[in-house]
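Chemist: Got a structure for you, written out below as structure tokens; questions coming shortly.
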Amino acid sequence: MIADEVMARRDAGVLIDHAVAEMIAEETLRRRAAEVVGESFPVLTRGGTGRVVRTGEQTISLLVSGVRTECTWVRVCACWQRLVENHTLTVDELGGRDDAVALVSLLAHLQRDLLDVDGDEGLLVLKDVRGTPVHQYTPLKRRGVWSR
């Protein structure tokens with residue numbers, strides 16, 4: 357049920373559309389992850405393979421290049437939302453550590469139909485770009501890649 361305060365706002369339709377889109381994206385990520393438990397996927401920037409070990413209500417467990425990483429669904433969905441808003445997402449942008457490599461590689465695998473991927477740079481670029489990015493981050497040698 358939608359609160360009366362939300363419905364009274366001028367931008368109620370936009371808020372509702374945004375909330376529904378986020379819920380659909382989260383459900384899609386969870387479903388796709390559950391479908392690939394145990395399957396290998398390529399690891400960006402470092403090479404090798406990763407796999408989804410387990411999915412749960414609150415977390416997803418990944419094994420990437422021999423390192424096990426637990427991520428909350430909140431974090432996975434926040435990274436996806438960041439990519440959607442900014443049109444790009446990189447391993448470096450998320451800190452460059454094992455968990456960042458795992459998250460970006462996971463998104464590249466689960467949402468591959470929506471993305472262009474530069475595995476060497478650890479860069480994801482949204483194919484269907486709408487609007488102006490909130491914050492744009494790309495490595496210097498890849499500057500402006502999102503607009504191509």
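All residue numbers for the sequence shown refer to our numbering, where the first residue is 357 and numbers rise by one. Each residue gets a CB set at the ideal place from its N, CA and C atoms; glycine is no exception.
Considering Cα atoms alone, identify which of Leu466, Val440, Arg453 and Asp455 is closest to glycine 485.
Modeler: With the sequence shown as reference, residue 485 is identified as valine, and glycine is not the correct amino acid for it. Residue Val440 is the option with its Cα nearest to valine 485.
Chemist: Run the CB neighbour count on alanine 390, radius 10 Å, all protein chains shown included, and call it buried at 16 or more, exposed below.
Modeler: Exposed is the call here.
Chemist: Can you grab the Cα-Cα spacing for the pair aspartate 454 / lysine 483, in whole Å?
Modeler: Whole-angstrom Cα-Cα distance: 26 Å.
Chemist: Within 10 angstroms of its Cβ, does glutamine 414 collect 16 or more other Cβ (buried), or is it exposed?
Modeler: Exposed, because fewer than 16 other Cβ atoms sit within 10 Å of the Cβ of glutamine 414.
Chemist: For a test of the three-state rule: what should DSSP assign to valine 408, helix, strand or coil?
Modeler: Strand.
Chemist: Would you decide whether glutamate 383 is buried or exposed? Buried here means 16 or more other CB atoms lie within 10 Å of its CB.
Modeler: Classification for glutamate 383: exposed.
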